[in-house]
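What follows is a set of notes on a single structure, which appears directly below.
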Amino acid sequence: MTDRYDHIVIGGGAAGCVAAARLARDGKAKVLLLEAGHSNRHPLLDMPPGIFKMINGSRYMRYHRTVAQPHLDGRVHEIAQGNVLGGGSSVNAQVYMRGRPSDYDEWDTLLEGSNDGVGWGWKDVLPHFRRMEGNNRLGGDLHGNEGPLLVSDPGHIDQTSRWFVQAVQNMGVPFNPDFNGTSQKGVGFYQFMNRDGKRSSSAYAFIEPEKNNPKLAVQLRCEVTEILFDGDRACGVAFHKDGGPRQEVHCSGDIVLSAGALVTPKLLMLSGIGPSDHLAEHGIACRHHAPGVGQNLIDHPEVPMSVYLNGAYGYYRQGEGWRMLRNGLQFKLFGTGPITTAGVEAGAFINPHDPEGVPSIQAFCVPIVYVDRDRRDLVKDGYGLTITTVVVKPRSRGEVRLASADPAAPPRVSPNLLKDDADMREMIAAQRFFLKAFRQSPLASRVDRIALPQSPDLSDEGLHTHCKAFVKTNYHPAGTARMGPDGDPLAVLDARMRVRGVRGLRVCDMSAVPDINAGNTNAPAMMLGDRCADMIMGRI
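Each residue of the sequence shown is one higher than the last, beginning at 54 in the numbering used here.
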């Protein structure tokens, strides 16, 4: 790493892999990608259900403990993020979701008039999604078939997931064959970023094809501690490889920061870009006063409800003992069975207040008793089914702050999930809606008893208590270095993803979004990386 590069990409997550690969392949630029985590090559990471082996403790995950949340009675919980090449795309449940057109049209309206000639509406971002997508079922104007990101229907659908879809249809919710189609509304089966039982992560889809490209250098286990400047221009980074001594590397072009919505603001602040008073608290010289850095933290809040089933249904113990051997043999011999699924095959988008209204809730059907790892000791395991409800456009906002000037110290994260009363009301309505699904055919005859909520009190007050006790992240932190219009003091970035107040530095991960999209954020993160590369190459 003594060479001089054209560009340095900090963070090999979903967005960073796309940006680095595009700059090296299409821009013919010499690119260095620095990733703090591990290689993505691991059998459990490759297999769709491997997430359930990893989520409760793995070196491939980094667990950010929140500060105590007063509105949750002082509860401290965790936000797991990928610590691996590919980031979240290498460790998540692989759901392929882009959000709805109005999400991006709202960004475009916000940035209109100060966007330096770049649009952010649906018509502007859709070509990026289509170019990346290799869908094995859907085509037309909304989907791509030839892209490197392999998108597929679930390789296996458990009967419990089918019962969920039928039960929700029996409540009057229409079947939706494509949540990325003309409307999100309805119940159905998700598509996933995998193919033939193998994960299609950002690392596999974009970095792997460039493994012999001399223009792209990928370095793992490199913890970046500071962005270096020559005057007001970003010119390099300082980092430690494998915990070794400080090293520096420089570049002549733009540096792209894509370390995720929790670490990106931390690195900006450690480099002197952030709220001047907060930097002063930690003895950091302020290079540029940017009060929006670390503010506007948005995440999709998720609350589980679970039932125990009266038979051996679902995925309980499918990864243990003889069942694991049987499933492995079935996959090895025939390429079929539970190993080909991420275990979250079905879901829904609904509005619990108005069946004809824009969906405000996303639901996931998980054929196990599924809770966050800090709640596991509160719920007995067994054959079960969990429906998690997610507020897709939350109003609550949190923040990311430095714990100290020590780069090794994790940031102080306060997500404020469900802090806004409107979010809590929406979540309670969603819980009440899907509790009815357990009493609908064909689920009703398979349900033994309710596991969550634990209290028999299902009044609004009782559900409020349940939501506070079990709310968790949907693993979608966003917005902590957001784009915004000229004159907005909290806009960290302009519409070309450039950090305001300095030169040669851009942010292309989910930190950059003004507001979160409705649904999973992995595909949108890849879109951001793709657009950032096009901007640097002058194609937008």
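For each residue, glycine too, the CB sits at the ideal point set by N, CA and C.
Query, Result
"Suppose you measure from the CA of leucine 471 to the CA of valine 524; what does that come to, to the nearest Å?", "8 Å"
"Which residues in the same chain as proline 506 place their Cβ atom closer than 6 Å to its Cβ, once the five residues preceding and following it in sequence are excluded?", "His519"
"Distance check for valine 129 and glutamine 484, CA to CA, integer angstroms please.", "22 Å"
"Based on DSSP bridge pairs, tell me the residues matched to glutamine 300.", "Phe292"
"Less than 8 Å between the CB atoms is what I'm expecting for proline 262 and proline 201, so what's the real figure, rounded?", "7 Å"
"Does the Cβ of leucine 134 have 16 or more other Cβ atoms within 10 Å, making it buried, or fewer, making it exposed?", "First, the amino acid is wrong: residue 134 is glutamine here, not leucine. Looking at its Cβ environment, which holds 16 or more other Cβ atoms inside 10 Å, glutamine 134 is buried."
"For glycine 313 and valine 453, what's the separation of their Cα atoms in angstroms?", "12 Å"
"Who are the near neighbours of arginine 549 in its chain, counting only those whose CB is closer than 7 Å to its CB and skipping five residues on each side?", "Asp169, Val171, Met588"
"Got a sec, what are the start and stop residues for the alpha helix (DSSP H) phenylalanine 402 sits in?", "Taken as a continuous stretch (DSSP letters only), phenylalanine 402 belongs to no alpha helix (DSSP H), being part of the beta strand (DSSP E) at 399-403."
"Less than 9 Å separating the beta-carbons of glycine 250 and glycine 141?", "no"
"DSSP on glycine 80, reduced to helix/strand/coil?", "coil"
"Buried or exposed, going by whether 16 or more other CB atoms sit within 10 Å of the CB of serine 512?", "exposed"
"Measure from the alpha carbon of asparagine 570 to the alpha carbon of each residue in Arg78, Ser155, Tyr113, then state which is nearest.", "Ser155"
"Using a threshold of 9 Å, state whether the C-beta atoms of histidine 303 and tyrosine 58 are closer than that.", "yes"
"If you follow the alpha helix (DSSP H) that glutamine 134 is in, where does it begin and where does it stop?", "Taken as a continuous stretch (DSSP letters only), glutamine 134 belongs to no alpha helix (DSSP H), being part of the beta strand (DSSP E) at 131-135."
"Keeping to the same chain, check which residues put their C-beta closer than 6 Å to that of leucine 76; ignore five residues upstream and five downstream.", "His60, Ala82, Val84, Ala586"
"Check whether the Cβ atoms of alanine 146 and alanine 395 lie closer than 9 Å to each other.", "yes"
"Per the DSSP calculation, isoleucine 326 is bridged to which residue(s)?", "His341"
"How far does the alpha helix (DSSP H) with cysteine 561 in it reach, from first residue to last?", "Counting along the chain, cysteine 561 falls outside any alpha helix (DSSP H), and DSSP gives it neither H nor E."
"When DSSP labels each residue in this structure, what does phenylalanine 228 get in the three-state scheme?", "strand"
"Excluding the five sequence neighbours on either side, which residues of its own chain have a C-beta within less than 8 Å of the C-beta of aspartate 602, listed in chain order?", "The chain is shown only over 54 to 593; residue 602 falls outside these bounds and no answer can be derived."
"In or out: alanine 594 buried (at least 16 other Cβ within 10 Å) or exposed?", "Any answer about residue 594 is impossible in this case: the structure gives the chain only from 54 up to 593."
"Is it buried or exposed, aspartate 211, if we count other Cβ atoms within 10 angstroms and call 16 or more buried?", "buried"
"Take alanine 73 as the anchor and find which of Ile260, Val178, Arg184 has the nearest alpha-carbon.", "Ile260"
"Tell me which residues share the same chain as phenylalanine 292 and place their Cβ nearer than 7 Å to its Cβ, disregarding the 5 neighbours each side in the sequence.", "Leu87, Cys275, Glu276, Val277, Thr278, Gln300"
"So tyrosine 423 packs on proline 318, CB below 8 Å; how close in whole Å?", "The Cβ separation is near 30 Å, so there is no contact."
"Where does alanine 18 land, buried or exposed, given buried means 16+ other C-beta within 10 angstroms?", "Because the chain in this structure spans residues 54 to 593, residue 18 falls outside the shown range and cannot be described."
"Can you give me the Cβ contacts of valine 566 inside the same chain, cut-off strictly under 6 Å, excluding the 5 residues immediately before and after it?", "Ala531, Gly532"
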